[in-house]
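What follows is a single structure, written as structure tokens, with notes after it.
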Amino acid sequence: MRPLADRTKGLVQSNIRAVTLMLKDSGGINLGQGICDMPTPPSIKEAAKKAIDEDESIYSYYGGIDSLRDSLVVKSSTYNKMPVSSPEEVMVTVGSTGAFVTAMFCLLNSGDEVMVFEPFYGYHINLLQVMGAQIRFIPTRPPNWEIPFDAIEKAITERTRAIILNTPGNPHGKVWTHEELARLLVILEKHDLYAITDEIYEYMLYDGRAHYSLAALPGAFDRTITISGFSKTYNMTGWRIGYAIGPEPIISKMGLLADLLYICSPTPLQHGVAAAFKMNNRYFDDLASAYDQKRTLMCSTLDDVGFDLSWPQGSYYVLADFSPLRDRLKGFKDDVEACQTLIQKARVGTVPGQSFFNNPKDGQSFLRFCFAKELDVLQSACSQLKEALSSTRSA
Ligand code: GLN
Numbered sequence: 261m262r263p264l265a266d267r268t269k270g271l272v273q274s275n276i277r278a279v280t281l282m283l284k285d286s287g288g289i290n291l292g293q294g295i296c297d298m299p300t301p302p303s304i305k306e307a308a309k310k311a312i313d314e315d316e317s318i319y320s321y322y323g324g325i326d327s328l329r330d331s332l333v334v335k336s337s338t339y340n341k342m343p344v345s346s347p348e349e350v351m352v353t354v355g356s357t358g359a360f361v362t363a364m365f366c367l368l369n370s371g372d373e374v375m376v377f378e379p380f381y382g383y384h385i386n387l388l389q390v391m392g393a394q395i396r397f398i399p400t401r402p403p404n405w406e407i408p409f410d411a412i413e414k415a416i417t418e419r420t421r422a423i424i425l426n427t428p429g430n431p432h433g434k435v436w437t438h439e440e441l442a443r444l445l446v447i448l449e450k451h452d453l454y455a456i457t458d459e460i461y462e463y464m465l466y467d468g469r470a471h472y473s474l475a476a477l478p479g480a481f482d483r484t485i486t487i488s489g490f491s492k493t494y495n496m497t498g499w500r501i502g503y504a505i506g507p508e509p510i511i512s513k514m515g516l517l518a519d520l521l522y523i524c525s526p527t528p529l530q531h532g533v534a535a536a537f538k539m540n541n542r543y544f545d546d547l548a549s550a551y552d553q554k555r556t557l558m559c560s561t562l563d564d565v566g567f568d569l570s571w572p573q574g575s576y577y578v579l580a581d582f583s584p585l586r587d588r589l590k591g592f593k594d595d596v597e598a599c600q601t602l603i604q605k606a607r608v609g610t611v612p613g614q615s616f617f618n619n620p621k622d623g624q625s626f627l628r629f630c631f632a633k634e635l636d637v638l639q640s641a642c643s644q645l646k647e648a649l650s651s652t653r654s655a
């Protein structure tokens with residue numbers, strides 16, 4: 261076979277998906293991939309079924325159906341406090357990934373440099389690599405995952421074009437404060453850089469924290485593309501409906517790219533998610549308290565069995581360091597072995613830490629646990645972890 265395009269060279273199955281496949285055979289509980297398998301709200305399902313029955317079956321405008329874009333204008337100007345007033349600044353995409361891909365296509369020439377905070381969400385990195393971008397990693401480390409502003413300044417060159425940030429963060433749950441965003445904005449303005457902010461976990465917040473969008477800060481909107489979606493907030497990761505918000509000239513080009521890449525998001529499902537905006541605020545209160553309970557269960561279990569962790573400020577992941585277990589238990593040499601040990605002994609899937617770091621060594625004592633599960637399933641997973649880790653101790 262003749263060689264494939266160079267851009268395919270580094271492509272391999274992600275660890276996030278690999279664990280899901282491994283568990284399919286062994287039947288364990290998946291705390292690896294953030295699949296979010298609780299039920300989708302009934303009103304959204306009903307609206308999608310109605311749209312199918314009413315033959316809302318043809319392509320929509322590439323930027324999405326009008327009613328959904330109108331609702332997104334309201335949501336982003338109220339919840340996110342962004343200066344958005346027109347549906348031309350809003351675009352519905354195939355998952356937040358569709359927003360990220362079209363933003364990258366729109367902003368980057370091959371060889372352009374992009375800064376990404378580490379630990380990172382691997383799909384951001386792999387997509388940047390496929391785009392031919394040069395990545396500059398900005399390391400953040402536990403326990404506080406502080407933003408090293410000096411390192412950002414130092415990483416900037418003439419070819420730097422953009423920075424990617426993810427708040428609340430995957431995999432560590434870091435939530436950017438208003439002050440941190442303001443400090444970043446000064447740097448972006450000084451060097452005339454774009455920001456792409458992935459805010460898909462914007463409603464999962466703990467300990468009274470608030471979500472701040474960079475694009476809401478005065479002067480930031482014109483250089484920021486904000487990405488979010490319905491997958492996590494409404495338990496519908498397989499529906500693939502996300503969106504991007506940004507200045508009209510960028511969003512209109514991203515829309516044209518989306519048209520070329522996939523024409524539009526599935527029309528009847530867009531009608532379904534439009535119903536999300538008819539639900540009252542109680543939904544978000546319930547979501548917050550359910551996640552708070554799950555975070556406590558997950559993190560206190562990991563604390564109890566001996567992991568070293570900072571409890572996430574937001575999102576539904578925790579990146580836990582298993583170094584303290586290594587001395588007293590077998591099977592925790594590195595992250596891949598620890599992941600396999602937990603699948604075999606506890607029948608629980610996690611994601612190996614190296615998936616979130618440029619140098620695999622920096623992630624080799626971490627595992628990522630996802631607690632977006634039904635409470636009873638999470639309770640079983642936590643009991644299995646407790647049981648396995650104490651029985652392994654005596655082995
Ligand atoms: N965002 C989810 C995660 O980090 C799932 C994404 C995926 O399967 N790529 O696990």
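Numbered per my numbering, the sequence shown spans residues 261 to 655. Beta carbons are placed, not taken as given, at the ideal position from N, Cα and C, and that holds for glycine. In this text, all values refer to a predicted model and were calculated from it rather than measured experimentally.
- Between the alpha carbons of Q604 and R588 lies a distance of about 18 Å.
- Looking at the DSSP output, Q394 bridges to E373.
- Three or more beta-carbon pairs separated by less than 8 Å link the stretch 481-488 to the stretch 451-459, which places the two stretches in contact.
- When secondary structure is reduced to three states using DSSP, L281 falls in the helix class.
- Of the heavy atoms belonging to the ligand GLN, none sits nearer than 6 Å to the Cβ of I456.
- Assignment of alpha helix (DSSP H) within the stretch 329-379, counting only whole runs of 4 or more residues, yields 355-367 in chain order.
- DSSP places D458 in the uninterrupted beta strand (DSSP E) bounded by 454-458.
- Taken through DSSP and simplified to helix, strand or coil, I318 comes out as coil.
- Taking a C-beta distance under 7 Å as the contact criterion, G623 and F617 qualify as a contact pair.
- Linking P526 to G566 through their CA atoms gives a straight-line distance of about 45 Å.
- Residue environment: Q530 is assigned as buried (16 or more neighbouring CB atoms within 10 Å of its CB, all protein chains considered).
- In this structure, the alpha-carbon of N386 lies about 31 Å from that of L547.
- Relative to the ligand GLN, the beta carbon of N386 is positioned no closer than 6 Å to any heavy atom.
- Taking every protein chain shown into account, the CB of E349 has 16 or more other CB atoms within 10 angstroms, so this residue is buried.
- Selection L569, Y576, R542 evaluated against K554 yields Y576 as nearest (Cα-Cα).
- Within a 10 Å sphere around the beta-carbon of D595 sit 16 or more other beta-carbons, which makes this residue buried.
- For N430, the shortest C-beta to heavy atom distance toward the ligand GLN is below 6 Å.
- In terms of Cα proximity to G324, the closest of V533, I412, V390, S549 is V533.
- Of L388, P379, L474, V333, the smallest CA-CA separation from V361 is found for L388.
- Between the alpha carbons of P509 and A475 lies a gap of roughly 16 Å.
- At a threshold of 6 Å, G288 does not count as near the ligand GLN, since its beta carbon sits no closer than that to any of the ligand's heavy atoms.
- Pairing Q293 with Q273, the inter-Cα distance amounts to about 13 Å.
- Between the alpha carbons of P478 and K590 lies a gap of roughly 53 Å.
- The Cβ atoms of G574 and P403 lie no closer than 7 Å to each other.
- Counting every other CB atom within 10 Å of its CB across the protein chains shown gives E418 a total below 16, marking it as exposed.
- Assigned with DSSP and collapsed to three states, S640 falls in helix.
- Residue pairing of T400 in beta bridges, as defined by DSSP: absent, with no partner found.
- 7 Å or more divides the Cβ of P584 from the Cβ of D563.
- For I412 and L441, the gap between their C-alpha atoms comes out near 13 Å.
- Residues D595, P620, G623, Q624 of the same chain have their beta carbon placed closer than 7 Å to that of Q614, with the five preceding and five following residues left out of the count.
- Within the same chain, Cβ atoms closer than 7 Å to the Cβ of F377 are found at I398, T400, L425, the five residues on either side in sequence being excluded.
- Residue side-chain check: Q614 keeps its Cβ at 6 Å or more from all non-hydrogen atoms of the ligand GLN.
- Annotated three-state conformation of A470 is coil, per DSSP.
- Judged by DSSP secondary structure, C630 falls outside any alpha helix (DSSP H) and instead within the beta strand (DSSP E) spanning 626-630.
- L557 and L638 do touch by the CB rule: their CB atoms are close to 6 Å apart, below 8 Å.
- Contact between I295 and T497 holds, since their C-beta atoms are separated by about 6 Å, short of 8 Å.
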